[in-house]
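Colleague: Mind looking over this structure? Questions follow.
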Amino acid sequence: MAAEAWYMDGSQEDPRKPHRLEPNEPVSLRQLEALGVFYWKLNADIYESDPELERIRRDRGYSFMDVISIHRDTLPDYEQKLKMFFEEHLHLDDEIRYILDGHAYFDVRSGEERWIRIAMTKGDMITLPAGIYHRFTLDETNYTKAMRLFVGEPVWKAYNRPADDFDARQKYLSSLQERGEKAV
Ligand code: KMT
Ligand code: NI
Numbered sequence: 033m034a035a036e037a038w039y040m041d042g043s044q045e046d047p048r049k050p051h052r053l054e055p056n057e058p059v060s061l062r063q064l065e066a067l068g069v070f071y072w073k074l075n076a077d078i079y080e081s082d083p084e085l086e087r088i089r090r091d092r093g094y095s096f097m098d099v100i101s102i103h104r105d106t107l108p109d110y111e112q113k114l115k116m117f118f119e120e121h122l123h124l125d126d127e128i129r130y131i132l133d134g135h136a137y138f139d140v141r142s143g144e145e146r147w148i149r150i151a152m153t154k155g156d157m158i159t160l161p162a163g164i165y166h167r168f169t170l171d172e173t174n175y176t177k178a179m180r181l182f183v184g185e186p187v188w189k190a191y192n193r194p195a196d197d198f199d200a201r202q203k204y205l206s207s208l209q210e211r212g213e214k215a216v
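For the working numbering, count along the sequence shown from 1 and bump the result up by 32.
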C-alpha cells in the first residue's frame, strides 16, 4: 500500500496524533507530485541489497546514504533533535528519506499554505524538493528507522521559516507556478 496523506486539522494538540480533518480530506500522490514531492514503495526487508533501490540511487545520483534510528534510547539529543525536526524549515537541497522500520510523519505545505501530513511506514521512500517548507515528527509509537540519502556530500543544515530569500526557495516557488500550483 502506498503512503497515505491528508490535510491536517488546526489543533494544537500532541503533534504525534494523526490530526485528520473530520471528515478526512485525503491528498493523492498525484497532488503531492504537483508540489514536487515524489514517492516510491520499496521492499525494506532487502534494503541492503535491493536492485530497485540501487537503480533509483544511480538514476538520481543519490551517492550518499546513512541510516538513523530515531528512538529515545538510540538517538543522542533525542528531545532536542525532534524539536528541531518539527520546526517549520527548508533545505537548499532535496531531502530524501526511506523508512526502514517504524512510522513517521512528514508534513509539507500545500500551494495554498495548508499543512499536508504524509504518513510514512516501512518501505516508503520520498523526496522533498529543495525550498519546500516542511517538518517531521514521530507518531505515537515513538520510533522509526530511516535511510537518509543525498546527492553528493550531505548538508543537513535547516533554515527555519521565514527563509524566503534563498535561491532554492525562489526556484521552488517558480516551479510551483509552472505546474499551475498556487504559490502564496
Ligand atoms: C528533516 O530535515 O526534516 C529531517 O532530517 C527529518 C528527520 S530524518 C528521518
Ligand atoms: Ni527537513
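Where is the CB? At the ideal position from N, CA and C, for every residue including glycine.
Since this is a predicted model, take the numbers as computed values, not measurements.
Taking just the CA atoms, how far does Leu64 sit from Asn75?
Modeller: Looking at the two C-alpha atoms, the distance is approximately 22 Å.
Colleague: Identify, in the order they occur along the chain, each residue of the same chain with its Cβ nearer than 8 Å to the Cβ of Asn192, setting aside the five sequence neighbours on each side.
Modeller: Result list for Asn192: Glu119, Glu120, His121, in chain order.
Colleague: Please state the DSSP three-state secondary structure of Arg92.
Modeller: Arg92 falls in the helix class under three-state DSSP.
Colleague: Could you check which residue in Met33, Asp46, His51 has the C-alpha nearest to that of Tyr39?
Modeller: Measuring from the Cα of Tyr39, the nearest candidate turns out to be His51.
Colleague: Considering only the alpha carbon of each residue, which of Tyr175, Ile158, Trp188 lies closest to His103?
Modeller: Nearest of Tyr175, Ile158, Trp188 to His103, Cα basis: Tyr175.
Colleague: Just the C-alpha distance for Lys49 and Ala136, rounded to the nearest angstrom, thanks.
Modeller: Approximately 11 Å between the Cα atoms of the pair.
Colleague: CB-CB under 8 Å to Glu57, same chain, minus the five flanking residues each way: which ones, in chain order?
Modeller: The answer, listed in chain order, is Trp38, Tyr39.
Colleague: With a cut-off of 8 Å on the beta carbons, I'd call Met168 and Phe117 a contact; round off their distance for me.
Modeller: In the sequence as displayed, the identity of residue 168 is Phe instead of Met. Rounded, the Cβ-Cβ distance is 4 Å, consistent with contact.
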